[in-house]
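Protein chains in written order, with full-length UniProt numbering: chain C, 1 to 222; chain P, 1 to 222.
Beta carbons are placed, not taken as given, at the ideal position from N, Cα and C, and that holds for glycine.
Here the structure is laid out as structure tokens; the discussion comes afterwards.
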DNA sequence: CCAAAAGTGTTCGTACTACACCCATGC
DNA sequence: GCATGGGTGTAGTACGAACACTTTTGG
């Protein structure tokens, strides 16, 4: 079966930048390409948009198929469409980004991916296509949005300590924060609450565990 | 000549939301469609992406062809791609927005546009496709960006008064500003300077004219 | 008792807000 | 001389930034 048009049409894909914080470092998920072009090199998860699905639906589907992720914060990032960015044909990529807790993640490789793996953002391998550029745009957007929204809470598991949360912020915006000021600020937002439980790990005072009061919501602040 | 693919491909267009401030009101440019679908109704300027041009180049070309505008601030807004948004075939639209001074504009209608016309944003006609939604997203983005960048200066002609500039800000962000505070703020940014000339219009004290020190630049502030 | 991370208050500076009157001009 | 928009200063507040020591635990 073939499809014929009077004018040339580009192919359209979605590619997804999946951020998490692992071992106190900002990481992202890449898949090893199982087919040409760029077979064997690392790339963002993504794929062609089907005729019956919206762009958001496509991104959600790819996220599920290639990374085993569902029900995460997903936002359209930017659309990349320079001619020549894919050697096969003209491909326009609508990029998305997403944030997820790293705990309890099952990495599932899809049909056209041999392997999925987390990489610290400062130790990325050589990337296929223009995915390096997409990642740079995503990282800039993430850093900006951390400053004026509550997007950062989307990195957190169900229960977490304030120190963990502070680490997430420090990694995503790329600078250190004062502990007292950070705690005053995040508590003043009234978005998280104590669980009453404590979390002990190592030879030091245990930390209070917190939970997000309204886990789905991402608010604009400031 | 026809073009054949193994898988179905969507068409890709760019559509452009062109803002200006005319008669102390936020306006945008629409064109009357000269062909079906939606022949005779008003729509955003835009058109199909050619195979050899990037998305930015396409937007620039449409801006020139359909609105006679060049050398303006142009930024990618969002990509709209729900199935069914165009009755002909699957069309994915990469939306852009732009800001321009209203003075000295030549409105030129292109081949598929009978007519181009400015509309106050609170008096828009019925719009073709999902262009109403695109405009709403653009207006929200404009309002947000006015608050944390110097994008607002892109509305200004070569020389302008502070009152004119304040009106632009008030229109774009949708609320009134205190005159003294606004002037203190805009002058503290050191982005505009007095020309030394005065501008007299009507029975009142003439206003000092200002110019933008670095007209091209749009900076993030705050 | 020592090491390690958790937890906690105060001070200072700055930037935003609110607010009212005189000035220069045209008619 | 009056109507019209242009132009100016000050005081109060709120928010972010800087900064150091005590607490609780495990080993």
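Residues of the segment 41-59 of chain P whose Cβ lies closer than 8 Å to any Cβ of chain C, in chain order: 48, 49, 51, 52, 53, 54 and 55.
For the segment 122-148 of chain C, no residue has a beta-carbon sitting nearer than 7 Å to a beta-carbon of chain P. Secondary structure of residue 116 of chain P (DSSP, three-state): strand.
Residue pairing from DSSP places residue 99 of chain P in a beta bridge opposite P:19 and P:73.
Listed in chain order, the non-local C-beta contacts of residue 131 of chain P below 6 Å within the same chain comprise 43 and 44, local neighbours out to five positions each way being set aside. Separation of residue 221 of chain C and residue 144 of chain P (C-alpha to C-alpha, rounded to the nearest whole angstrom) is 12 Å. Excluding five sequence positions before and after residue 83 of chain C, the CB atoms of its chain that fall closer than 8 Å to its own CB belong to 90, given in chain order.
Here residue 159 of chain C has 195, 197, 199, 209, 210 and 211 as same chain residues with Cβ atoms under 8 Å from its own Cβ, once five neighbours each way along the sequence are excluded. Residue pairing for residue 42 of chain P: DSSP places it in a beta bridge opposite P:32 and P:127. What residue 81 of chain C touches in chain P, judged by beta-carbon distance under 8 Å, is 12, 49, 54, 55 and 94, going in chain order. For the pair residue 67 of chain C and residue 116 of chain C, the Cα-to-Cα distance works out to about 7 Å. In the DSSP assignment, residue 208 of chain P is bridged to P:198.
Selection C:6, C:50, C:152 and C:36 evaluated against residue 8 of chain P yields C:50 as nearest (Cα-Cα). Listed by position along chain C, the residues whose Cβ is nearer than 8 Å to that of residue 150 of chain P form an empty set, because the closest Cβ is around 16 Å away. With contact defined as three or more Cβ pairs closer than 8 Å, the segment 119-131 of chain P and the segment 182-189 of chain P are not in contact. For a cut-off of 8 Å, the C-beta gap from residue 98 of chain C to residue 127 of chain C is around 18 Å, too long to register as a contact.
Here residue 12 of chain C has 49 and 92 as same chain residues with Cβ atoms under 6 Å from its own Cβ, once five neighbours each way along the sequence are excluded. Counting of Cβ neighbours within 10 angstroms places residue 152 of chain P among the buried residues, the total reaching 16 or more.
Against chain C, the beta carbon of residue 175 of chain P has no neighbour under 7 Å; the closest one sits roughly 16 Å away.
For residue 167 of chain C, the uninterrupted alpha helix (DSSP H) segment begins and ends at 162-173.
Taking CB atoms only, residue 204 of chain C has no neighbour in chain P less than 8 Å away. Following the DSSP letters along the chain, one finds residue 7 of chain P in no beta strand (DSSP E), marked with neither H nor E. For residue 188 of chain P, the enclosing alpha helix (DSSP H) begins and ends at 179-188.
Under the Cβ criterion of 8 Å, residue 195 of chain C is not counted among the residues facing chain P.
Within chain C, the C-beta atoms nearer than 8 Å to that of residue 90 of chain P come from 51, in chain order.
Using a CB distance cut-off of 8 Å, residue 6 of chain P counts as an interface residue toward chain C. Sixteen is the threshold: when 16 or more other Cβ atoms of the shown chains lie within 10 Å of the Cβ of residue 27 of chain P, as they do, the residue is buried. In the structure shown, residue 137 of chain C adopts helical secondary structure according to DSSP, grouped into three states. Following the DSSP letters along the chain, one finds residue 222 of chain C in no alpha helix (DSSP H), marked with neither H nor E. Counting only residues of its own chain and dropping the five nearest sequence neighbours on each side, residue 5 of chain C has no CB closer than 7 Å to any other CB.
A distance below 8 Å separates the beta carbons of residue 77 of chain C and residue 141 of chain C. Counting other Cβ atoms within 10 Å of its Cβ, residue 172 of chain P reaches 16 or more and is therefore classed as buried. Under the three-state reduction of DSSP output, residue 57 of chain C falls in the helix class.
Close to residue 3 of chain P, with beta-carbon spacing below 8 Å, are these residues of chain C in chain order: 4, 5, 6, 7, 8 and 9. Burial of residue 138 of chain P is indicated by the presence of at least 16 other C-beta atoms within 10 angstroms of its C-beta. Cα atoms of residue 119 of chain P and residue 136 of chain P: separation of roughly 14 Å, rounded to the nearest angstrom.
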